[in-house]
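**Q** Chains as they are written, first to last, in the UniProt record's numbering: chain A, 1 to 254; chain B, 1 to 254.
C-beta atoms are modelled at their ideal positions from N, C-alpha and C, and glycine is treated no differently.
Note that the structure is a prediction, hence the values are computed from the model and not measured.
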DNA sequence: AATGTTTGTTGATCAAGATCAAGTCGCAAA
DNA sequence: TTTGCGACTTGATCTTGATCAACAAACATT
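#1: Run down chain B in chain order and give the residues with a C-beta less than 8 Å from the C-beta of residue 80 (chain A).
#2: Answer with yes or no whether the minimum CB distance from residue 144 (chain A) to chain B is below 8 Å.
#3: Exposed or buried, which one is residue 217 (chain B) when buried takes at least 16 other CB atoms within 10 Å?
#4: Roughly how many whole angstroms lie between the Cα atoms of residue 46 (chain B) and residue 219 (chain B)?
#5: DSSP on residue 72 (chain B), reduced to helix/strand/coil?
#6: Select from B:22, B:206, B:238 and B:194 the residue whose C-alpha is nearest the C-alpha of residue 115 (chain B).
#7: Go through its chain and collect everything with a Cβ distance to residue 78 (chain A)'s Cβ below 6 Å, but skip five positions before and after it.
#8: Mind checking which residues open and close the alpha helix (DSSP H) that includes residue 213 (chain A)?
#9: What span of residues does the beta strand (DSSP E) with residue 88 (chain B) cover, start to end?
#10: Quick one, are the C-beta atoms of residue 126 (chain A) and residue 80 (chain A) less than 8 Å apart?
#11: Pairing CB atoms from the region 157 to 173 of chain B with CB atoms from the region 189 to 205 of chain B, are three or more of them under 8 Å?
#12: Suppose you measure from the CA of residue 1 (chain B) to the CA of residue 53 (chain B); what does that come to, to the nearest Å?
#13: Output needed for residue 132 (chain B): all residues of its chain with C-beta closer than 8 Å, excluding positions within five of it in sequence on either side, in chain order.
#14: Measure from the alpha carbon of residue 255 (chain A) to the alpha carbon of each residue in A:109, A:167 and A:227, then state which is nearest.
#15: Secondary structure at residue 122 (chain A), three-state DSSP: helix, strand or coil?
#16: I'd like to confirm the pairing. Which residues does DSSP put opposite residue 232 (chain A) in its beta bridges?
#17: Please report the Cβ distance between residue 197 (chain A) and residue 211 (chain A), rounded to the nearest whole angstrom; I am assuming they are in contact, meaning their Cβ atoms lie under 8 Å.
#18: Excluding the 5 residues preceding and the 5 following residue 236 (chain A) in the sequence, name in chain order all residues of the same chain whose CB lies nearer than 8 Å to its CB.
#19: Using beta carbons (cut-off 8 Å, strictly below), is residue 73 (chain A) in contact with chain B?
#20: Apart from the five residues on each side of it in sequence, which residues of its chain come closer than 8 Å, Cβ to Cβ, to residue 75 (chain A)?
#21: With a floor of 4 residues, list each alpha helix (DSSP H) that falls wholly inside the region 120 to 157 of chain B, ordered by position along the chain.
#22: Return the residues of the region 21 to 41 of chain A that lie within a Cβ-Cβ distance of less than 9 Å from chain B, sorted by chain order.
#23: Could you give the DSSP three-state label for residue 58 (chain B): helix, strand or coil?
#24: For a quick check, are the C-beta atoms of residue 87 (chain A) and residue 151 (chain B) less than 8 Å apart?
#25: Please state whether DSSP places residue 239 (chain B) in a helix, a strand or coil.
#26: From the beta carbon of residue 102 (chain A), is the nearest beta carbon of chain B less than 8 Å away?
#27: Output needed in chain order: residues of the region 124 to 151 of chain A with a Cβ under 8 Å from some Cβ in chain B.
#28: Does residue 97 (chain A) get closer than 8 Å to chain B when you measure Cβ to Cβ?
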């Protein structure tokens, strides 16, 4: 069987047993700087949810904002539909990342969040979190930092979208993924993409065909080996150079 | 004289006298939801600074992060230089807006912020603000909301950069400026751009020449009247339609 | 295995906007 | 007023990546 029987409650006990104290992600997640006792308090407001299957939505755009969600395993994408235009994929979320921060000041979530594979999340009711952050300065501070980091990541994304060529975008995407996997203790060189080419294209502002072609070219240049969604990064350094648009080698430029 | 004599201390008394309680911007600014007594406390940590002249920097990229700044009058731009690439203009700041939120989780500011005209700001030391936000839930909450809003604005900008045509970008830019002026009680139809065409182009991911050409076209279509940096918006509705890429009207053109 | 359906690849053409190259305008200093 | 320089405009050409159109592969369902 590929999946434990949800119906028997096996999963239920599994995600109910899970606690921040025993979670391998806690050094990367919101409670990263909390003391034991504080972590207990934090842990107490968390609600574990049944796993989402691929394609299921965590919440819909314009649903009432209530909670943040920390990704426990799997991955998700955030998609915003605005006006008459097409959807815009604004973010991918990997384990330990926090979903929903951009909904805080509205009463509604600004985008739909969809699981890209089987995914488990921890639900953090925002009113509880805010109340708790009054008593635990480290928690408040960490929340500010997390949001601030996201702001900076957004600025980097803007630079990518407004100044980088298609090659640079793809290269940046791989480098960024690689780093995120490394931080989580996975191999930075071999991983499986949970998103489709169309998702990647939408996120990077490129047509699917372009994504496909450039992946092909990278492969010919022995920068990566791609087979379907399986990725092996062969030359991370050069990829980093491509991402930053500076020529890789030949010094004597004068 | 076009400007009060800075040397006599007239300005000094002016910005020293200024307090949140009497500031016309306070309903738009951080203290917007504070009670009188709380506002006093908040006001006490603010440092008024001497006005910046056009082209002067508020802080440099990689300078140590210490404070947020609320714009009191004038305007600024934020510019990030990364790696070998060119500068990227990531934001314009108008009165009541908060500068520096993306530096919180690093020890350094991620970009240089430069005055586009004579500009006054209120300096808000972040450590004091954070301490104060422990005792004043409304302040903390407002800070979260402000950051969250900025996140959402960033997502909108990403959509602009990755999906919109040059025309749509310029139209969006004008509509957005117009709205921001309206909120501040200025005319949404007539204003002066404090930024150059090059700044606009850089911000919107367009070449200067393209900005120039499209402004010209908008003018011919009687959407705006532009003379140098003076802008009159003639047809805000249509401009809004252009920004959202849906065709406006005229059926049987061909 | 046969089928449809989604997902990904490849080739040919086209257009939006960048780039290059002159200019023109406008403001500031002397 | 002249000079100079930066900001802006306008035109001609070129490039990148979108779009259109098949097609192939992977996967699920029967």
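**A** On the basis of the coordinates in this document:
#1: Walking along the first chain from the start, residue 80 (chain A) turns up at place 80. Per Cβ cutoff of 8 Å: 155 and 159.
#2: Counting from one through the first chain, the residue named residue 144 (chain A) turns up at place 144. Taking Cβ atoms only, chain B reaches closer than 8 Å to residue 144 (chain A), which makes this a yes.
#3: Your numbering for residue 217 (chain B) matches position 217 in the second chain. So residue 217 (chain B) ends up on the exposed side.
#4: Counting from one through the second chain, the residue named residue 46 (chain B) turns up at place 46. Counting from one through the second chain, the residue named residue 219 (chain B) turns up at place 219. Pairing residue 46 (chain B) with residue 219 (chain B), the inter-Cα distance amounts to about 44 Å.
#5: Stepping through the second chain from its first residue, residue 72 (chain B) is reached at position 72. Residue 72 (chain B) falls in the strand class under three-state DSSP.
#6: Here residue 115 (chain B) refers to the residue found at position 115 of the second chain. Among B:22, B:206, B:238 and B:194, the Cα nearest to that of residue 115 (chain B) belongs to B:194.
#7: By 1-based counting over the first chain, the position of residue 78 (chain A) is 78. Same-chain partners within the cutoff: 90, 91, 111 and 113.
#8: Taking the first chain and counting its residues from 1, one reaches residue 213 (chain A) at position 213. Element bounds for residue 213 (chain A): 208 to 220.
#9: The sequence position of residue 88 (chain B) within the second chain is 88, counting from 1. Here the beta strand (DSSP E) through residue 88 (chain B) covers 87 to 93.
#10: Within the first chain, numbered from 1, the residue matching residue 126 (chain A) stands at position 126. Within the first chain, numbered from 1, the residue matching residue 80 (chain A) stands at position 80. Going by C-beta atoms, residue 126 (chain A) is not nearer than 8 Å to residue 80 (chain A).
#11: yes
#12: Residue 1 (chain B) sits at position 1 when you count from the first residue of the second chain. Residue 53 (chain B) sits at position 53 when you count from the first residue of the second chain. Unreliable positioning characterises residue 1 (chain B) in this predicted model, as indicated by a pLDDT of 38, which lies under 50. The coordinate reading is nonetheless provided below. Distance between the alpha carbons of residue 1 (chain B) and residue 53 (chain B): 16 Å.
#13: As a working mapping, residue 132 (chain B) is identified with position 132 in the second chain. Result list for residue 132 (chain B): 41, 42, 45 and 139, in chain order.
#14: Residue numbering for chain A in the displayed model covers 1 to 254; residue 255 (chain A) lies beyond these limits and cannot be assessed.
#15: Taking the first residue of the first chain as position 1, residue 122 (chain A) is located at position 122. Correct three-state label for residue 122 (chain A): strand.
#16: Residue 232 (chain A) sits at position 232 when you count from the first residue of the first chain. According to DSSP, which records beta bridges pairwise, residue 232 (chain A) is partnered with A:190 and A:225.
#17: For the purposes of this step, residue 197 (chain A) is taken as residue 197 along the first chain, with counting starting at 1. For the purposes of this step, residue 211 (chain A) is taken as residue 211 along the first chain, with counting starting at 1. Yes, they are in contact, since the Cβ atoms of residue 197 (chain A) and residue 211 (chain A) sit about 5 Å apart, within 8 Å.
#18: One-based indexing of the first chain puts residue 236 (chain A) at position 236. Excluding sequence neighbours, residue 236 (chain A) sits near 175, 178, 188 and 189.
#19: Here residue 73 (chain A) refers to the residue found at position 73 when the first chain is read from its first residue. No - not a single Cβ of chain B is within 8 Å of the one on residue 73 (chain A).
#20: Looking up residue 75 (chain A) in the first chain gives position 75. 92, 93, 94, 95, 115, 116, 117, 119, 194 and 195, listed in sequence order.
#21: 126 to 135
#22: Those would be none; no residue qualifies.
#23: Translated into positions along the second chain, residue 58 (chain B) becomes position 58. When secondary structure is reduced to three states using DSSP, residue 58 (chain B) falls in the strand class.
#24: As a position in the first chain, residue 87 (chain A) is number 87, starting the count at 1. As a position in the second chain, residue 151 (chain B) is number 151, starting the count at 1. No, Cβ-Cβ distance for residue 87 (chain A) and residue 151 (chain B) is not below 8 Å.
#25: Taking the second chain and counting its residues from 1, one reaches residue 239 (chain B) at position 239. In this structure, residue 239 (chain B) counts as helix in the three-state DSSP scheme.
#26: As a working mapping, residue 102 (chain A) is identified with position 102 in the first chain. Yes, contact with chain B.
#27: 130, 133, 134, 137, 140, 141, 143, 144, 145, 146, 147, 148, 149, 150 and 151
#28: Taking the first residue of the first chain as 1, we reach residue 97 (chain A) at position 97. For residue 97 (chain A), the answer is no, since every Cβ of chain B falls outside 8 Å of its Cβ.
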